[in-house]
Amino acid sequence: MTETALTVHQVARPHGFPTAEHFAFVESPRPEPEVGSALVENLYWSVDPYHRELMDGGFVLGEALEGRTIGRVVASRTPELAEGEIVFHRQGWRTHAVVTPEDVRRLPRFDGVPLTAFLSVLGGTGLTAYVGLTRIARLQEGEDLFVSGAAGGVGTATARFARLLGAGRLVGSAGSAEKVAHLVRDVGFDAAFDYHEGPASDLLGKAAPDGIDVFVDNVGGEQLAAAVGALREFGRIVRVGTISQYNTPGATQPRFNHADIVEKSIRMEGFLVRNYRDVQDELQEFAVPHLQSGALVLDETVVDGFENIVDAFLGMLRGRNTGKIIVRAARP
Ligand SMILES: NC(=O)c1ccc[n+]([C@@H]2O[C@H](COP(=O)([O-])OP(=O)(O)OC[C@H]3O[C@@H](n4cnc5c(N)ncnc54)[C@H](OP(=O)(O)O)[C@@H]3O)[C@@H](O)[C@H]2O)c1
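For what it's worth, the working numbering labels the leading residue of the sequence shown as 1, then goes sequentially.
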């Protein structure tokens with residue numbers, strides 16, 4: 001076990017895109033668990049777009065940053081947490097965490113399912129995709145979808161779940177030609193486009209000439225406006241996220257035809273995954289057999305080394321990931 005611990009702090013507020021200068025790695029002696037707690041050495045970290053939102057005020061400057069994390073209990077002063085146990089917690093961007101039994105969730109192990117899945121399709125990312133399709137869109141078999149941010153964690157999980165739930169045509173958008181090719185070749189999209197290549201309404205019109213029933217929106221902005229035009233009668237817009245705006249505060253909001261919402265009986269609904277924790281077991285029951293049979297494939301970008309956690313986060317904001325971005329300790 002290492003004698004020192006590393007913790008990442010946010011040290012300044014960004015205007016626009018954050019950089020490495022907004023963070024500091026702080027070294028300290030390895031923490032010791034008090035009676036009733038245990039020391040966890042972290043193995044995997046999730047870095048997420050919502051961390052960018054927290055950088056504007058939610059993260060306290062000079063303190064450790066929260067986040068979804070998986071680690072191993074390496075010292076315990078509570079009978080409820082045994083050394084060697086693998087746990088999920090939310091203490092985030094640090095190599096070591098002192099936790100109480102109430103702070104953690106013991107992770108079930110399923111044959112053939114790697115631990116990273118608990119940060120991707122079986123974690124908050126997968127739960128977001130699953131809730132978006134089953135609770136918000138209430139997807140029906142044969143319905144056609146458009147997914148923005150399609151090559152990311154939520155986007156790929158949405159497409160793979162939609163396919164398993166019997167969706168019709170899948171159209172996606174992403175930020176590069178390589179990602180577009182990957183979506184069609186590997187992820188199961190029927191068509192995809194690079195949103196940089198022209199007005200979103202033209203690109204979506206070409207990729208989905210007969211329209212769509214459901215839009216799962218990770219991005220907002222121009223693509224949302226385009227989707228309103230492309231939706232059929234009784235269409236649904238699932239507002240998942242607005243990453244096109246996180247680094248450009250004050251950007252103009254694109255207009256759409258408000259009458260479309262009435263005349264096509266469109267329903268637009270946003271949600272936060274934290275309000276749907278009760279769906280977690282259902283997600284597991286749905287996804288684990290598909291993972292085990294190979295019908296569901298993990299889409300993950302794994303970055304090695306805690307020292308690269310800031311770069312991994314900044315790279316994700318710039319679109320360097322495909323699938324869920326996960327940071328892995330150098331010595332898993
Ligand atoms: N509602 C909830 O509870 C909930 C839960 C989880 C996530 N979310 C939201 O879901 C979205 C996806 O999250 P994720 O964790 O799966 O992240 P992700 O999609 O894996 O990573 C972010 C992606 O956003 C894309 N991007 C960056 N700037 C963009 C821009 N200006 N326009 C369009 N795309 C841009 C990049 O891909 P490209 O190369 O394609 O640009 C990047 O890979 C985010 O908006 C996030 O806030 C919401």
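Glycine included, each C-beta is placed from N, C-alpha and C at the ideal position.
Under three-state DSSP, which class holds residue i?
i    : result
E3   : coil
K206 : helix
S293 : helix
I86  : strand
A24  : strand
E53  : helix
L170 : strand
D278 : helix
K264 : coil
P108 : coil
E233 : strand
H182 : helix
P332 : Its pLDDT being 48, under 50, P332 is placed unreliably by the model, and the measurement read from it follows with that caveat. P332: coil per DSSP, three-state reduction.
Q223 : helix
A251 : coil
H96  : strand
D103 : helix
S201 : helix
S120 : coil
To the nearest angstrom, how far is the alpha carbon of residue i from that of residue j?
i    : j    : result
A259 : V228 : 10 Å
H22  : V11  : 5 Å
A208 : R90  : 40 Å
K206 : A191 : 9 Å
G71  : E85  : 8 Å
Y195 : S176 : 8 Å
G220 : G241 : 7 Å
Y276 : L81  : 27 Å
Q223 : V184 : 19 Å
A230 : G211 : 5 Å
D217 : V238 : 6 Å
F17  : D48  : 14 Å
V262 : M268 : 11 Å
T333 : E32  : Examination of residue 333 is not possible in this model, given that the chain is present from 1 through 332 alone.
E178 : H9   : 34 Å
V60  : G126 : 28 Å
D311 : T100 : 30 Å
A20  : G270 : 32 Å
P332 : R236 : In this predicted model, P332 has a pLDDT of only 48, less than 50, meaning its place in the structure is not dependable enough to derive any value.
A200 : S265 : 22 Å
L54  : G153 : 19 Å
G323 : T69  : 17 Å
L272 : T128 : 8 Å
T156 : F306 : 25 Å
Closest by CA to residue i, which one among the options?
i    : options                : result
G250 : I86, R239, H15         : H15
F234 : A329, F256, K179, R138 : R138
V302 : V40, P79, S37, P114    : P114
H182 : A230, F17, N321, G168  : N321
N308 : G112, R94, L291        : R94
P289 : E63, E53, R30, R109    : R109
T7   : R68, R77, E63          : E63
Q292 : L54, A151, A117, Y130  : A117
D213 : V147, S37, F313, V187  : V147
I325 : A20, R13, A151         : A151
V87  : R274, R105, A174       : R105
L203 : V187, G188, A129, V171 : V171
A174 : G168, F193, T156       : F193
G319 : V273, D304, G149, T156 : G149
T159 : G188, R274, V131       : Per the sequence shown, residue 159 should be read as Ala rather than Thr. Selected option, being the one with the closest Cα: G188.
S37  : D278, R30, S76         : S76
F313 : T4, G67, G58           : G67
V279 : R30, G57, Y130         : Y130
R328 : G92, V180, D186, D103  : G92
R30  : Y50, A5, D56           : A5
Going by DSSP, which residues form a beta bridge with residue i?
i    : result
G36  : None, per the DSSP bridge assignment.
R395 : The displayed coordinates of the chain run from 1 to 332. Any statement about residue 395 would go beyond what the structure contains.
I309 : For I309, which the question treats as bridged, DSSP gives no partner whatsoever.
I212 : L231
I70  : Y44, F88
Q10  : F23
V333 : This structure gives no information on residue 333, because the portion of the chain shown stretches from 1 to 332.
F146 : V171, F215
E300 : K324
D194 : A174
Of all the CB atoms in chain B, is at least one closer than 8 Å to the CB of residue i?
i    : result
I136 : Looking at the structure shown, chain B is missing, and only one protein chain is on hand.
| query | Is there contact here, the region 292-299 with the region 238-247, by at least three beta-carbon pairs under 8 Å? | reply | no
- Item | Cβ contact (3+ pairs, closer than 8 Å) linking the region 279-291 and the region 119-129 | yes
*asked:* Could you check whether the region 136-151 touches the region 102-116, counting it as contact only if at least three pairs of C-beta atoms, one from each stretch, sit closer than 8 Å?
replied: no
Inset, instruction - Take every Cβ of the region 95-106, pair it with every Cβ of the region 29-49, and state whether three or more of those distances are shorter than 8 Å. - result: yes
Would the region 148-167 count as touching the region 255-269 if we require 3 or more Cβ pairs under 8 Å?
Touching, no.
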